[in-house]
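These notes concern the structure reproduced below.
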Amino acid sequence: MINKLTVKNLTFGYAGDDVLHDFFMAIGDGQIVSIVGPNGSGKSTLIKCIDRILEPRSGDVLVERQDLFKMNRKDAARLVAYVPQNSLRVFTHTVFDVVLMGRRPHLGWKANEQDEGKVWEVLGLLGIENLALAFFSELSGGQQQKVLIARALAQDTGLLLLDEPTSNLDIWHQIDVMEILRTLVRKQRLTAIIAIHDLNMAARYSDRMLMMKKGKILANGIPDDVLTPENLGTVYGIKAMVKRIGDSPFVIPLSRVLAKGRGRM
Amino acid sequence: MRQALLRATPGLSWQAPGRTRTGKMTPMRQAHAHSVQGKFFFLGALLLLLIIAASFIITLGQVPMTVRQVYLTLFDRLIPSGLDINPILAHVIWDIRMPLITGTVICGVGLGVCGCVMQAVLKNPMASPFTLGISSGAHFGVSLAVVFGISFLDGPYFLVGNAFVCAALCSGFIIGLSALRGATSETLILAGIAVNYLFQAANQLFTYIADDEQRTVMSYWGMGSLSDLNWNSLWFLGAICLVCLPFLYGKAWDLNLMTTGDDCARSMGVDAHAVRMAVMVVASLLVAAIVAFTGVIGFVGLVAPHIARIIIGNDHRFLIPASGGIGSALLLIANAVSMNILGGVVIPVGIIMSMLGIPLFLYLIIRGKRREFWA
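Right, dumping it as structure tokens:
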């Protein structure tokens, strides 16, 4: 089986030390994969490197067998879509126009019937057609997140990268967004890679989890194998209990471990 | 399995989107189609209004004439038809008023469009050719010529040459400086504001050491005026517009994406830094050319895009032409007032522009049309 996404020897650093060094990762098709890890572990950096928002120093990113770094930006944007974390913007657009932007990699200069049809299709898919003419800045956080997911879907890629899609949402909208993602992955055979802080939300909706610390993957597998008290101790420096509730593991944090030499406080 | 998932997520519907089962357009789709039609209608109406306003304004002034006479004269000029044309009238229309009106329209369009694209690539509603120091760079060039007699061009256009070269150098400096830091919108704005203050200080220094006559030239130039435009300068400005404006309009989609943030733009296939650089270079060149001939009329570039945003929204496919149209409408009106309000005395148009434009602008932002297009 071909991996949907392969990341090989990826090295990236800002000014000083490398955030990611010789990073390797392979992800199969049709899955939800969560990337978890403490602040500064390189989750968001990894996602941005895969999408070429940040330019890595070296390495390759293959989607199926095509090397993203060897094609132009527009072609790459037909293979990978990105859902950003926050959406601070100066000039606001209507929801329709925001989603239409996702068609950009497919457009010539003019948007045609087909592109507009695609926009209506994804708006319908997410049940937000009634918001089409509303202004993005006037929406609630949950609605904004859905619009950004709609835009990524309009981009028509097989791979979605999401940066903390639930972090600013109330619990209802967190579940709503994750359910939508699960349905999309199952129904449209997408692959979704999600950088996320909420371990329990990740455990409940992910097919696989990657646990990162300081730019390295320390645990990788189904949620049951990744979310163990030992792993939580090494990666997060916390003492925790892991219970099984329903089909998925559930983390109950107990206390922090004040070990010497831990990189973060 | 699929059924179970659908039941679990009532928000998701897999029905044919956008249309009801009978294939009719949903109300939402109709509303969207109407809003697009509305934008086209507005652009058409704006164009019509510009033509009507220009036709009327050209008849104002010391020599009275009618709109019909103007059109007959122009027609005769283009296709000699042996019509009975008053030669004095023909001279006034063709050599004095036409260059002025045409120049006003060109400068208004250029400044409006440049303000609009600069606001977009800098993601900042306060960006305009004026705030970025291009005008004070041009002013510096003029001062250099007036006070020290240093000029880059000989002949009648030495002031224009100086203004253009210094404005271009100034924006080149800003753009180059920010390129060192990765060309983010913040570095561009900060560099622009800093350079603006630097040139202002230099201008103040020059004013301080200049004699009275030199001071008059400098301060007159700083007020902005369209009355020195002639056909030669218009050919030059027109040629630059013909190159720059289509280029900028061609970036409309990229600008839409860039207003949502560099990260998003890059992830959708737009190289944000490269587009920002290209747009800034082209827009600065156009502004430098306009400012060199007209002096400081900075306000149009700030206010026209915002009026356009309030009316038509932030889709640059519509916003760019609307900004240009509103820019030239504002400048036409301000120019007509400046030429005619005091009988024979022409007040510099930059002053009128600010005195009329600022209350209008404040009214528009405070009247509180519910939506904040720049927030």
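If you read the sequences in order, they're chains A and B. Residues in the first sequence are numbered consecutively from 70, following the working numbering. Residues in the second sequence are numbered consecutively from 0, following the working numbering. Every residue gets a Cβ at the ideal spot worked out from N, C-alpha and C, and that includes glycine. Bear in mind the structure is a predicted one, so any value in this text is a computation, not a measurement.
Each residue's CA atom was taken as its position, placing phenylalanine 55 (chain B) and leucine 42 (chain B) some 20 Å apart. Close to alanine 219 (chain A), with beta-carbon spacing below 7 Å, lies no residue of chain B; the smallest spacing is near 11 Å.
Taking 8 Å as the CB threshold, glutamine 224 (chain A) lines the interface with chain B. The Cβ atoms of cysteine 106 (chain B) and leucine 330 (chain B) lie closer than 8 Å to each other. Around the beta carbon of arginine 126 (chain A), a 10 Å sphere encloses fewer than 16 other beta carbons of the protein chains shown; the residue is thus reported as exposed.
A Cβ-Cβ separation of about 5 Å places glycine 114 (chain B) in contact with serine 127 (chain B) under the 8 Å criterion. Straight through space, the alpha carbons of threonine 101 (chain B) and proline 63 (chain B) are spaced by roughly 19 Å. Contact with chain A is found for serine 266 (chain B), since one of that chain's Cβ atoms lies less than 8 Å from the residue's Cβ. Glycine 342 (chain B) carries a coil assignment under DSSP once its states are collapsed to helix, strand and coil.
Contact fails between the stretch 142 to 152 of chain A and the stretch 108 to 115 of chain A, because fewer than three Cβ pairs, one in each stretch, are under 8 Å apart. Between isoleucine 96 (chain A) and isoleucine 291 (chain A), the C-beta spacing is not below 8 Å.
Boundaries of the alpha helix (DSSP H) around alanine 303 (chain B): 298 to 311. Chain order gives no chain B residues near histidine 242 (chain A), where near means a beta carbon separation below 7 Å; the closest approach is about 11 Å. Contact between serine 232 (chain B) and phenylalanine 172 (chain B) does not hold, since their C-beta atoms are separated by about 25 Å, which reaches or exceeds 8 Å. Secondary structure of aspartate 136 (chain A) (DSSP, three-state): strand. Between the stretch 223 to 240 of chain B and the stretch 163 to 177 of chain B there are fewer than three C-beta pairs closer than 8 Å, too few to call the two in contact. Judged by DSSP secondary structure, aspartate 87 (chain A) falls within the beta strand (DSSP E) whose first and last residues are 87 to 96.
About 7 Å separates the Cβ atoms of arginine 134 (chain A) and isoleucine 71 (chain A), confirming a contact at the 8 Å cut-off.
Within chain B, the residues Gly268 have their CB atoms less than 7 Å from the CB of lysine 143 (chain A), given in chain order.
For aspartate 232 (chain A), the enclosing beta strand (DSSP E) stretches over residues 228 to 232. Close partners of leucine 176 (chain A) in chain B (Cβ separation under 8 Å): Trp252. Close partners of glycine 160 (chain B) in chain A (Cβ separation under 7 Å) are lacking, with about 36 Å as the shortest Cβ gap.
Counting only residues of its own chain and dropping the five nearest sequence neighbours on each side, leucine 279 (chain A) has a CB closer than 6 Å to the CB of Ile104, Ile286 and Asn289.
Between phenylalanine 204 (chain A) and glutamine 213 (chain A), the gap from beta carbon to beta carbon reaches 8 Å or more. Asparagine 78 (chain A) and glycine 128 (chain A) do touch by the CB rule: their CB atoms are close to 4 Å apart, below 8 Å. The Cβ atoms of valine 69 (chain B) and isoleucine 92 (chain B) lie closer than 8 Å to each other.
If you check the CB distance, aspartate 316 (chain A) and glutamine 100 (chain A) do not come in under 8 Å.
In the displayed model, phenylalanine 157 (chain B) falls within a helix according to three-state DSSP. Under the DSSP assignment, phenylalanine 319 (chain A) falls in the beta strand (DSSP E) whose first and last residues are 317 to 325. A straight-line Cα-Cα distance of about 16 Å links lysine 312 (chain A) and aspartate 267 (chain A). Out of A:Phe319, A:Lys282 and A:Met270, the CA that lies nearest to the CA of aspartate 293 (chain A) is found in A:Phe319.
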